[in-house]
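Asker:
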Amino acid sequence: MIIETRDLTMRYGRVETLKQVNLQVPEGSAFALVGTNGAGKTTTMRTLVNVLQPSRGSAEVLGRDTRHLRPQDFQQIGYVSENQVLPERLTIAQYFDYLRALYPRWDSGLENTLRNRMQLPPDRQLSKLSHGMRMKTVLIAGLAFRPRLLILDEPLSGMDTLTRDEVVDGLLEQADETTILISSHELSEIEYFTSHIAFMDDGKLLFQESIEELRDRFRQVHVVLSAQKNWPQNAPANWLGHEIQGHSLQFIDSGFRDDEALLRELNQHFGAVKCQASPMSLREISKVLIRDARTEKMTRAA
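Numbered according to the working numbering, the sequence shown spans residues 654 to 955.
So, in structure tokens, the structure goes:
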């Protein structure tokens with residue numbers, strides 16, 4: 654694993670903003686860290702680059718405890734955040750000249766390719782850039798030295814569709830040789846180019862897995878009952894968010910295997926039924942998981 658955290662916990666006074674987070678990012682993946690604003694994504698990422706130090710637990714990046722990362726380690730780590738501070742007086746070209754001297758692996762050819770593709774004027778002063786152009790600039794700065802790991806904290810926030818597509822194309826340019834960890838609260842922005850995903854809510858990591866496995870195991874289930882039934886008390890734990898109206902039943906199956914196995918389970922609990930199991934989008938899955946986690950939290954509090 655290129656990133657691994659163990660019971661990572663961050664506390665400010667009595668408030669825990671991270672709660673025993675155990676994150677594992679495989680090398681070579683494009684890994685999405687997803688959650689609503691305030692879920693803990695930014696705090697996690699700042700811990701990974703040693704901007705913040707955990708209250709408890711630990712984090713390793715490139716096989717080294719983040720509290721002991723060396724300058725040569727940061728030669729392999731790119732970090733881009735939504736509110737990145739830039740030397741406003743410099744032009745884009747001057748900014749890249751400055752960075753080129755700091756990174757021995759800086760690839761001027763890649764810099765020029767990305768700058769031309771994203772239509773960035775080299776003589777434009779950084780203070781005069783729009784939000785989208787600023788994010789393009791810092792993304793190129795994060796890619797041009799060909800890092801082993803690129804950490805992106807909400808890089809697509811506030812962008813128009815065209816700018817977002819240009820930035821994503823730049824990421825795809827490096828996807829084969831750079832591990833990417835990207836955070837977002839908008840799944841639609843990133844789901845089509847990421848290979849793995851983790852959901853956070855209220856400082857907790859709800860789960861993590863490959864997107865292919867996630868999509869395979871979640872289904873929206875519609876059932877036609879032969880007679881009116883109550884929801885069984887011994888229903889499988891992976892059947893979530895049920896609604897029964899007359900002979901119609903709907904729920905989410907978060908442990909779907911195949912249609913035959915699902916029908917057998919339904920027959921055990923409801924007798925003869927007809928059912929249809931439909932694939933779900935990542936957005937739909939995320940809503941289910943966050944709602945389920947918050948319901949569980951409220952139940953425990955009561």
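For glycine and all other residues, C-beta sits at the position ideal for the given N, C-alpha and C. Here the structure is a predicted model, which is why all the values come from computation and not from measurement.
Near residue 915, which residues of its chain fall below 8 Å by C-beta distance, leaving aside the five closest residues on each side in sequence?
Answerer: For this step, residue 915 is matched to residue 262 along the sequence shown. Counting only Cβ-Cβ distances below 8 Å, and skipping sequence neighbours, we find 872, 874, 906, 909, 928, 930.
Asker: Given residue 677, which residues of its chain have a CB within under 6 Å of its CB, disregarding the five upstream and five downstream residues?
Answerer: Taking the first residue of the sequence shown as position 1, residue 677 is located at position 24. If we look at residue 677 and ignore the five residues flanking it on each side, its Cβ neighbours are 654, 657.
Asker: Pick out the complete beta strand (DSSP E) segments inside the stretch 786-867, 3 residues or longer, and give them in chain order.
Answerer: Taking only runs of at least 3 residues, the beta strand (DSSP E) segments lying wholly in the stretch 786-867 are 802-806, 832-837, 849-854, 857-863.
Asker: Looking only at its own chain, which residues have a Cβ that is under 6 Å from the Cβ of residue 692, when we skip the five neighbours before and after it?
Answerer: Within the sequence shown, residue 692 is the residue found at index 39, counting from 1. So the list reads 853, 854, once near-sequence residues are dropped.
Asker: Pairs of beta-carbons, one from the stretch 692-703 and one from the stretch 811-821, closer than 8 Å: are there three or more?
Answerer: Contact between the stretch 692-703 and the stretch 811-821 is absent, because fewer than three Cβ pairs lie under 8 Å.
Asker: Just to confirm the assignment, what range does the alpha helix (DSSP H) spanning residue 753 have?
Answerer: Within the sequence shown, the letter at position 100 stands for residue 753. Its alpha helix (DSSP H) spans residues 745-753.
Asker: What residue range is occupied by the uninterrupted beta strand (DSSP E) comprising residue 889?
Answerer: The count along the sequence shown starts at 1 and reaches residue 889 at position 236. From DSSP, residue 889 is part of no beta strand (DSSP E); its letter is neither H nor E.
Asker: Taking the beta carbon of residue 784 as the centre, do at least 16 other beta carbons fall within 10 Å, making it buried, or is it exposed?
Answerer: On the sequence shown, position 131 is the one that residue 784 refers to. Exposed, because fewer than 16 other Cβ atoms sit within 10 Å of the Cβ of residue 784.
Asker: Check whether the stretch 793-804 touches the stretch 722-741, taking contact to mean three or more Cβ pairs, one atom from each stretch, closer than 8 Å.
Answerer: Enough Cβ pairs lie closer than 8 Å, so yes.
Asker: Are the beta-carbon atoms of residue 697 and residue 714 separated by less than 8 Å?
Answerer: Counting from one through the sequence shown, the residue named residue 697 turns up at place 44. Counting from one through the sequence shown, the residue named residue 714 turns up at place 61. Cβ distance not < 8 Å, so residue 697 and residue 714 don't count as in contact.
Asker: Just how far apart, CA to CA, sit residue 690 and residue 885?
Answerer: Taking the sequence shown and counting its residues from 1, the one referred to as residue 690 is at position 37. Taking the sequence shown and counting its residues from 1, the one referred to as residue 885 is at position 232. Cα-Cα distance, rounded: 36 Å.
Asker: How is residue 897 classed by DSSP in three states: helix, strand or coil?
Answerer: Here residue 897 is taken as the residue at index 244 of the sequence shown, counted from 1. It is a strand residue.
Asker: Would you tell me roughly how many angstroms separate the C-alpha atoms of residue 695 and residue 836, rounded to the nearest one?
Answerer: Counting from one through the sequence shown, the residue named residue 695 turns up at place 42. Counting from one through the sequence shown, the residue named residue 836 turns up at place 183. Between residue 695 and residue 836, the C-alpha separation is close to 8 Å.
Asker: Reducing DSSP to helix, strand and coil, say where residue 733 ends up.
Answerer: Taking the first residue of the sequence shown as position 1, residue 733 is located at position 80. It is a strand residue.
Asker: Quickly, what does DSSP pair residue 943 with across the bridge? List them, please.
Answerer: The residue given as residue 943 occupies position 290 in the sequence shown. Beta-bridge pairing links residue 943 to no other residue.
Asker: Using the C-alpha atoms, what's the distance from residue 923 back to residue 999?
Answerer: Within the shown structure, residues of the chain are numbered from 654 to 955, placing residue 999 beyond reach of any answer.
Asker: What first and last residue would you give for the beta strand (DSSP E) that runs through residue 741?
Answerer: What you label residue 741 is simply residue 88 of the sequence shown in a count that begins at 1. Element bounds for residue 741: n/a, residue is neither H nor E.
Asker: Where residue 789 and residue 737 are concerned, what is the direct C-alpha to C-alpha distance, given to the nearest angstrom?
Answerer: What you label residue 789 is simply residue 136 of the sequence shown in a count that begins at 1. What you label residue 737 is simply residue 84 of the sequence shown in a count that begins at 1. Roughly 12 Å between the two C-alpha positions.
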